[in-house]
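Have a look at the structure below, then the notes.
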Ligand code: GLU
């Protein structure tokens, strides 16, 4: 009896295995996809006509080594011209990209630098996915010698493509540095090294050989955020009022009368107001407007009152109790970012303790 010859079947299986391995290796060697959303800003503000998303995407020699880049034009305006409604749309769009396009490793957003930290923080709080959103911009425009936009954009793409950038919320990349959208602020009106996280320090750097992270932020963002942008149709009005010597309370009253649902006070030091601002804040409390205390000092934490209860040695008048009922400690958020957090908090709740919890967790 002769045994059946299994050699052809074996060779076929071997060939199939080789094809599968080759496909697998090829897929592994393909750079990840990064999607780029352009909103405008100095990075695109060329004399004689703004650069489009497509032109910016083509401005980075060697980008294919790091990512397969796709792109779209969301807007092409200065950062301060973006409306709050556009913020909602931008966040929804990025959430949609992450939900539908599983092969996207990360999203890069270009923005003007003036209010970049605000847009980035809004995305940090409302994009609920572990994959990174990386916001980039430039300080010099494309018609200026030393334009650094293409270099910053390429670095942003490299960070967005890097698996180490996951679960870190929204990142801001300019000038070879990676900062968290939560902590970063523009510290100089004109210099290239303007985006800083002050005492917190940078999260990492983009070097010639690789992207390196040194730090991690611990506060909630990404998947751990409770802010569902698809449920938010409009952001309530919240104004920021600055404390300075002899400042009057009528500006606070005007904000309240104009429909503000919240006021962020950029206090002197750790809570001091000035002039007649106390009267203005009393008026806000009477009208049920929440007041968040932050500092104009640039850094420093405003703590909630101890045990959040009344001091037994102080007899609380009705007015004091009312003020307390609408008072929130801004923790370590700078005034403009406290405003964003308050707008999002107010779109979900009017419970004072809940709002304070939100300030303490994000
Ligand atoms: N520096 C401006 C900004 O933050 C950009 C100027 C412009 O694009 O017109 O958006």
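In our numbering, the protein residues as written are 98 to 459. The C-beta atom is built at its ideal place from N, Cα and C for all residues, glycine as well. For clarity, every value in this text was computed on a predicted model and none was experimentally measured.
Of the residues the options, the one placed nearest residue i, counting alpha carbons only
{"i": "residue 325", "options": "149, 212, 228, 220", "result": "220"}
{"i": "residue 229", "options": "182, 154, 320", "result": "320"}
{"i": "residue 307", "options": "259, 298, 285", "result": "259"}
{"i": "residue 270", "options": "296, 196, 236", "result": "236"}
{"i": "residue 200", "options": "179, 213, 211, 164", "result": "164"}
{"i": "residue 423", "options": "458, 137, 209, 362", "result": "362"}
{"i": "residue 378", "options": "299, 149, 358", "result": "358"}
{"i": "residue 347", "options": "373, 337, 356, 327", "result": "373"}
{"i": "residue 214", "options": "432, 364, 315", "result": "432"}
{"i": "residue 297", "options": "315, 132, 289", "result": "315"}
{"i": "residue 323", "options": "337, 184, 455", "result": "455"}
{"i": "residue 366", "options": "429, 387, 383, 310", "result": "429"}
{"i": "residue 45", "options": "102, 389, 161", "result": "As displayed, the chain neither begins before 98 nor continues past 459, which places residue 45 out of reach and without an answer."}
{"i": "residue 329", "options": "185, 161, 345, 106", "result": "185"}
{"i": "residue 335", "options": "106, 265, 387, 168", "result": "387"}
{"i": "residue 151", "options": "162, 305, 167", "result": "167"}
{"i": "residue 371", "options": "345, 300, 398, 238", "result": "345"}
Identity of the residues DSSP links to residue i by a beta bridge
{"i": "residue 336", "result": "360"}
{"i": "residue 199", "result": "Its beta-bridge partners do not exist; DSSP assigns none."}
{"i": "residue 277", "result": "268"}
{"i": "residue 390", "result": "362, 426"}
{"i": "residue 301", "result": "275, 310"}
{"i": "residue 130", "result": "165, 201"}
{"i": "residue 232", "result": "206, 269"}
{"i": "residue 282", "result": "293"}
C-alpha distance - residue i paired with residue j, whole-angstrom precision
{"i": "residue 249", "j": "residue 302", "result": "12 Å"}
{"i": "residue 156", "j": "residue 247", "result": "6 Å"}
{"i": "residue 381", "j": "residue 350", "result": "7 Å"}
{"i": "residue 226", "j": "residue 252", "result": "21 Å"}
{"i": "residue 255", "j": "residue 145", "result": "30 Å"}
{"i": "residue 231", "j": "residue 421", "result": "38 Å"}
{"i": "residue 444", "j": "residue 332", "result": "7 Å"}
{"i": "residue 274", "j": "residue 284", "result": "14 Å"}
{"i": "residue 414", "j": "residue 376", "result": "15 Å"}
{"i": "residue 128", "j": "residue 135", "result": "21 Å"}
{"i": "residue 466", "j": "residue 187", "result": "No information on residue 466 is available, as it lies outside the stretch 98 to 459 that the chain covers here."}
{"i": "residue 204", "j": "residue 312", "result": "21 Å"}
{"i": "residue 141", "j": "residue 240", "result": "10 Å"}
{"i": "residue 360", "j": "residue 401", "result": "17 Å"}
{"i": "residue 180", "j": "residue 343", "result": "32 Å"}
{"i": "residue 223", "j": "residue 453", "result": "18 Å"}
{"i": "residue 234", "j": "residue 110", "result": "52 Å"}
{"i": "residue 267", "j": "residue 392", "result": "24 Å"}
{"i": "residue 364", "j": "residue 292", "result": "23 Å"}
{"i": "residue 137", "j": "residue 212", "result": "12 Å"}
{"i": "residue 132", "j": "residue 340", "result": "42 Å"}
{"i": "residue 159", "j": "residue 170", "result": "22 Å"}
{"i": "residue 88", "j": "residue 194", "result": "Coverage of the chain is limited to positions 98 through 459, which leaves residue 88 absent and any answer about it impossible."}
Any chain B beta carbon closer than 8 Å to residue i
{"i": "residue 296", "result": "Protein chains in the displayed structure number just one, and chain B is not present."}
Three-state secondary structure assigned by DSSP to residue i
{"i": "residue 221", "result": "helix"}
{"i": "residue 318", "result": "coil"}
{"i": "residue 400", "result": "coil"}
{"i": "residue 170", "result": "strand"}
{"i": "residue 287", "result": "coil"}
{"i": "residue 135", "result": "strand"}
{"i": "residue 241", "result": "coil"}
{"i": "residue 369", "result": "strand"}
{"i": "residue 165", "result": "strand"}
{"i": "residue 292", "result": "strand"}
{"i": "residue 216", "result": "helix"}
{"i": "residue 419", "result": "helix"}
{"i": "residue 158", "result": "coil"}
{"i": "residue 436", "result": "helix"}
{"i": "residue 108", "result": "helix"}
{"i": "residue 341", "result": "coil"}
{"i": "residue 141", "result": "helix"}
{"i": "residue 253", "result": "helix"}
{"i": "residue 384", "result": "coil"}
{"i": "residue 516", "result": "What the structure shows of the chain is the stretch from 98 to 459, and residue 516 is not part of that stretch, so it cannot be assessed."}
{"i": "residue 193", "result": "helix"}
Residue burial classification, residue i (beta-carbon count within 10 angstroms, cutoff 16)
{"i": "residue 294", "result": "buried"}
{"i": "residue 242", "result": "exposed"}
{"i": "residue 113", "result": "exposed"}
{"i": "residue 440", "result": "buried"}
{"i": "residue 354", "result": "exposed"}
{"i": "residue 287", "result": "exposed"}
{"i": "residue 153", "result": "buried"}
{"i": "residue 369", "result": "exposed"}
{"i": "residue 396", "result": "exposed"}
{"i": "residue 208", "result": "buried"}
{"i": "residue 278", "result": "buried"}
{"i": "residue 318", "result": "buried"}
{"i": "residue 436", "result": "buried"}
{"i": "residue 176", "result": "buried"}
{"i": "residue 500", "result": "As displayed, the chain neither begins before 98 nor continues past 459, which places residue 500 out of reach and without an answer."}
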